[in-house]
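Chains as they are written, first to last, in our numbering: chain A, 1 to 137; chain B, 1001 to 1271.
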């Protein structure tokens, strides 16, 4: 299964997952997954995308503030989230695809609470290009 | 106290906010329903008092929700029309690009779509706007159809009063649209589209030379077909036609989405 996944990821081209409301997501590297655990320091519940900021202590013991992009508040509300679903001080684990050109920024693909229970973010994991599009030869 | 708080947060996260947030779950009055109260999506298309099909309501691309379990944890995928990425995805052989437009598209795709006007919060432009992942609401009178779009709280006018298309109009994001009835099909003609707009995320162009025909058919209460024909000799070697199916959205509301409010992705494309 892992190999298959790796193959799928390897096949992904520059035009990466495209499920979000207003951009192609190619600024994120969908082949990579970063998981961090920390404390919510700020929630931005605004269009076109919600963002959460999380204080994380890295391997060196340094405090790093990570920034995670989520779908639009509208999409999240239609999934049952509210602007109060995540609050400052909440302890969470976030899995994300990291930004290609900036540190400590990612697009969240999974958020879990301190007990490890996962909540969807609504972000499609990956866009599998349609075989270079037959028309694009 | 802390564990009680965590438990509360857990509960809030796990439980849909039924009946809480605005009118997200508020029943739409006056629609056909089944005995159990659910909307009767197979009911006949509603009609206006003048007998014409009534397209009014909120619409979203007819894409089912599905779970993505590839990573072990199941994540509900965001619904999106396949045409959002490549508007010609269902066309045999793909879009008939001219050499110029093929090069445009390939370069834009190679750049990951980073120059997409949509990324920069520009207005939703039809016919692309049918494929975007926001709700649209059709408001219809005998002489006018208005399509409201959640993205940037945008609107589009379609005149049904018999006026001709303008000659040499000032180009705009949605151009100029008139509609006429062919039986129960509303045929919308559009010209005056701005030059070199994008039709999809991979950057298929549409130009000022385009003439677009959209045929709206309400199949039943639940489904509307939008048959889109693009005749754009600068960008395509021949006219092409695709059909986007839209699904009615009921018992909820439009939610405004002003993109520039908190746009933060453009800077991430830069190094």
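Glycine included, each C-beta is placed from N, C-alpha and C at the ideal position.
Neighbour list for residue 47 of chain A in chain B, Cβ cutoff strictly below 7 Å:
Around residue 47 of chain A, the beta-carbon contacts reaching into chain B at under 7 Å are 1257, 1258, 1259, 1261 and 1262.
Which of helix, strand or coil DSSP assigns to residue 1194 of chain B:
Secondary structure at residue 1194 of chain B: coil, using DSSP grouped into helix, strand and coil.
For the beta strand (DSSP E) holding residue 1178 of chain B, just list the boundary residues, first then last.
Per DSSP, residue 1178 of chain B belongs to the beta strand (DSSP E) from 1176-1182.
Skipping 5 residues on each side, what residues in its chain have a beta carbon closer than 6 Å to that of residue 1057 of chain B?
The residues are 1248.
Where does residue 1123 of chain B sit, in a helix, a strand or coil, going by DSSP?
In the structure shown, residue 1123 of chain B sits in coil (DSSP, three-state: anything other than H, G, I, E or B).
I want to know whether the stretch 1088-1098 of chain B touches the stretch 1135-1145 of chain B - three or more CB-CB distances under 8 Å.
Short answer: they don't touch.
Once the 5 residues before and after residue 6 of chain A are set aside, which same chain residues still bring their CB inside 8 Å of it?
In this predicted model, residue 6 of chain A has a pLDDT of only 30, less than 50, meaning its place in the structure is not dependable; the value taken from the coordinates is given anyway. The beta carbon of residue 6 of chain A sits closer than 8 Å to no other beta carbon from its chain once the five residues preceding and following it are set aside.
Do residue 1223 of chain B and residue 1040 of chain B have their CB atoms nearer than 8 Å?
The Cβ atoms of residue 1223 of chain B and residue 1040 of chain B lie no closer than 8 Å to each other.
Using a C-beta cutoff of 8 Å, does residue 78 of chain A count as contacting chain B?
At least one chain B Cβ lies under 8 Å of residue 78 of chain A.
Hey, residue 1232 of chain B and residue 1206 of chain B are a contact pair by Cβ (cut 8 Å); roughly how many whole angstroms apart?
Residue 1206 of chain B and residue 1232 of chain B do touch by the CB rule: their CB atoms are close to 6 Å apart, below 8 Å.
Would you tell me roughly how many angstroms separate the C-alpha atoms of residue 1086 of chain B and residue 1106 of chain B, rounded to the nearest one?
Their Cα atoms are separated by approximately 12 Å.
If we require 4 or more residues per run, which alpha helix (DSSP H) segments fall completely within the stretch 38-72 of chain A?
Qualifying alpha helix (DSSP H) stretches: none in this window.
Within the continuous beta strand (DSSP E) that includes residue 1063 of chain B, where are the two ends?
Here residue 1063 of chain B belongs to no beta strand (DSSP E), and DSSP marks it neither H nor E.
If you draw a straight line from the C-alpha of residue 1 of chain A to the C-alpha of residue 31 of chain A, how long is it?
Its pLDDT being 31, under 50, residue 1 of chain A is placed unreliably by the model, and the measurement read from it follows with that caveat. When rounded, the distance between both Cα atoms is 15 Å.
Of the residues B/1215, B/1127, B/1026 and B/1122, which one's Cα is nearest the Cα of residue 1151 of chain B?
The candidate whose alpha carbon is nearest that of residue 1151 of chain B is B/1122.
Roughly how many angstroms separate the alpha carbons of residue 45 of chain A and residue 51 of chain A, rounded to a whole number?
So the two alpha carbons sit approximately 7 Å from each other.
Proximity of residue 1216 of chain B and residue 1186 of chain B at Cβ, strictly below 8 Å
Yes, these two residues count as a Cβ contact at 8 Å.
Within the 8 Å Cβ cut-off, does residue 1150 of chain B reach chain A?
Cβ-Cβ to chain A under 8 Å: yes for residue 1150 of chain B.
Can you tell me which of B/1154, B/1114 and B/1269 puts its alpha carbon nearest to the alpha carbon of residue 1285 of chain B?
Not covered by the structure: residue 1285 of chain B. The range shown for chain B is 1001 to 1271.
Note down the Cα distance separating residue 92 of chain A from residue 70 of chain A, rounded to an integer number of angstroms.
The straight-line gap separating the alpha-carbon atoms of residue 92 of chain A and residue 70 of chain A is approximately 14 Å.
Could you compute how far the alpha carbon of residue 1251 of chain B sits from the alpha carbon of residue 1038 of chain B?
As the crow flies, the alpha-carbon of residue 1251 of chain B is around 10 Å from that of residue 1038 of chain B.
Between the alpha carbons of residue 85 of chain A and residue 1253 of chain B, how many angstroms are there, rounded?
Rounded to the nearest angstrom, the two C-alpha atoms are 21 Å apart.
Compare the C-alpha of residue 1176 of chain B against each of B/1030, B/1156, B/1091 and B/1218 and name the closest.
For the residues B/1030, B/1156, B/1091 and B/1218, the minimum Cα distance to residue 1176 of chain B belongs to B/1156.
Listed by chain order, chain A residues near residue 1215 of chain B by CB distance under 9 Å:
None at all; the shortest Cβ gap to chain A is about 23 Å.
Following the continuous alpha helix (DSSP H) through residue 1105 of chain B, name the residue where it begins and the one where it ends.
1099-1110 is the span of the alpha helix (DSSP H), which, as asked, contains residue 1105 of chain B.
Residues near residue 1046 of chain B by beta carbon distance below 7 Å, same chain, minus five either side:
Shown here for residue 1046 of chain B: same chain residues with a beta carbon closer than 7 Å to its own, the five before and five after excluded, namely 1054 and 1221 in chain order.
Whose Cβ in chain A lies nearer than 7 Å to the Cβ of residue 1222 of chain B?
Within 7 Å Cβ-Cβ: nothing; residue 1222 of chain B doesn't reach chain A, min ~18 Å.
For residue 1192 of chain B and residue 135 of chain A, the rounded distance between their alpha carbons:
Below a pLDDT of 50, predicted positions are generally treated as unreliable, and residue 135 of chain A, at 39, falls in that range; the measurement from the model is reported next regardless. Roughly 27 Å between the two C-alpha positions.
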